[in-house]
Amino acid sequence: MLPSLGFLTSMLTGLMAKAGIVQLTKHGYMPQSTYVKAALKALEEDDLDEAIRSYQLAVKKWRPSQRTEIAAEIIASAITVRIAKLQNRVDELEGVINPKRFSRQFWRNLLPKNREALEAMREEQRGFQEAIDVLAKMKDKLNEA
Amino acid sequence: MSKIIKTTTAGGVGFLAGLLLERGLESLTGLDFVDGLFAVSGSILAALSVNKELVKAASRNIEQMFGKDPLEITESEWRQFKELNPKTAEWLEKALKI
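Protein chains in written order, with the numbering used here: chain W, 1 to 145; chain V, 1 to 98.
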């Protein structure tokens, strides 16, 4: 009960067509709107890496258009908003970790019971700072495209 | 076996011919031919869908920037958005006929 040669041929052709489309998509040969849409979809799902990758593909083979320019601005703006939010939190933590000399927080920080909480805040601040650096690099990558 | 080889060869040649034709037409006319084909074949809907996605994404950005619904932002907030995102704002004004 082997499948017929005709069936196998059509299956092989189908598979090859599918693989071909995957390759065309991967290398930026699909219509530009496909990539712009994919970039916006990724942005909606908070996947900035994928959004930038799709945007880069949108301008890899095709000339930049009004749509790609707007998409780039939207992605850049989304990154800026995230950086601003993280920076606000970093500044907030900075006020607690390194308060003004002789302020109430300054004395509070000297208490041994607050030492652990302060260390956790420093760790959190470092994490946010790293995230800001990554986002800034992403923005540079977007501008390079 | 020969049938498989023939089919795949024909497919490959067809693909290459299509690609060359598309590239040739693109360089002759200066048009994004694949996009053009899609538009002609009624896939203008796809482009419209991208426009819808752009409006949605811009509106999400406004929401994240000001913490409120885009319909509720003040004129000064809109000006602020416009300053930071000139192309998007201009396009939105045209698309939404503000």
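For every residue, glycine included, the Cβ atom is placed at its ideal position computed from N, Cα and C.
Would you give the residue range spanned by the alpha helix (DSSP H) that residue i belongs to?
{"i": "Arg-63(W)", "result": "Neither: Arg-63(W) is in no alpha helix (DSSP H) and is coded neither H nor E."}
{"i": "Leu-12(W)", "result": "5-26"}
{"i": "Met-1(V)", "result": "Element bounds for Met-1(V): n/a, residue is neither H nor E."}
{"i": "Asp-69(V)", "result": "Looking at the DSSP string, Asp-69(V) is not in any alpha helix (DSSP H), and its letter there is neither H nor E."}
{"i": "Ile-132(W)", "result": "115-144"}
{"i": "Thr-88(V)", "result": "86-95"}
How would you call residue i, buried or exposed, if buried means at least 16 neighbouring beta carbons within 10 angstroms?
{"i": "Phe-128(W)", "result": "buried"}
{"i": "Gln-87(W)", "result": "exposed"}
{"i": "Arg-67(W)", "result": "buried"}
{"i": "Val-90(W)", "result": "buried"}
{"i": "Gln-23(W)", "result": "exposed"}
{"i": "Gln-125(W)", "result": "buried"}
{"i": "Gly-30(V)", "result": "Below a pLDDT of 50, predicted positions are generally treated as unreliable, and Gly-30(V), at 49, falls in that range; no measurement from the model is reported."}
{"i": "Lys-100(W)", "result": "exposed"}
{"i": "Ala-42(W)", "result": "buried"}
{"i": "Ala-58(V)", "result": "buried"}
{"i": "Gln-105(W)", "result": "exposed"}
{"i": "Gly-42(V)", "result": "For Gly-42(V), the predicted structure reports a pLDDT of 42, less than 50, and the residue's modelled location is therefore unreliable. The matter cannot be settled from this model."}
{"i": "Glu-94(W)", "result": "exposed"}
{"i": "Ala-89(V)", "result": "buried"}
Flag residue i as yes if its beta-carbon sits less than 7 Å from any beta-carbon of chain A, otherwise no.
{"i": "Ala-58(V)", "result": "Considering every chain present, this structure includes no chain A. Its protein chains are W and V."}
Since I believe residue j is in contact with residue i (beta carbons under 8 Å), could you give me their beta-carbon distance rounded to a whole number of angstroms?
{"i": "Arg-108(W)", "j": "Asn-114(W)", "result": "6 Å"}
{"i": "Glu-73(W)", "j": "Lys-87(V)", "result": "5 Å"}
{"i": "Thr-100(V)", "j": "Thr-9(W)", "result": "Residue 100(V) lies beyond the range of chain V shown here (1 to 98); nothing can be said about it."}
{"i": "Ala-71(W)", "j": "Ala-39(W)", "result": "6 Å"}
{"i": "Gly-11(V)", "j": "Met-16(W)", "result": "6 Å"}
For residue i, I'd like the list of residues in its chain whose CB is within less than 6 Å of its CB, leaving aside the five on either flank, ordered along the chain.
{"i": "Gly-28(W)", "result": "Leu-57, Lys-60 and Lys-61"}
{"i": "Gly-36(V)", "result": "Unreliable positioning characterises Gly-36(V) in this predicted model, as indicated by a pLDDT of 48, which lies under 50. The coordinate reading is nonetheless provided below. So no residue of the chain qualifies."}
Return the chain-ordered list of same chain residues with a C-beta closer than 7 Å to the C-beta of residue i, the five sequence neighbours on each side being excluded.
{"i": "Ile-52(W)", "result": "Ile-75, Met-138, Lys-141 and Leu-142"}
{"i": "Ala-131(W)", "result": "Leu-86"}
{"i": "Leu-135(W)", "result": "Ile-79, Arg-82 and Ile-83"}
Whole runs of the beta strand (DSSP E) within the stretch 24-104 of chain W, excluding any shorter than 3 residues | Within the stretch 24-104 of chain W, no complete beta strand (DSSP E) run reaches 3 residues.
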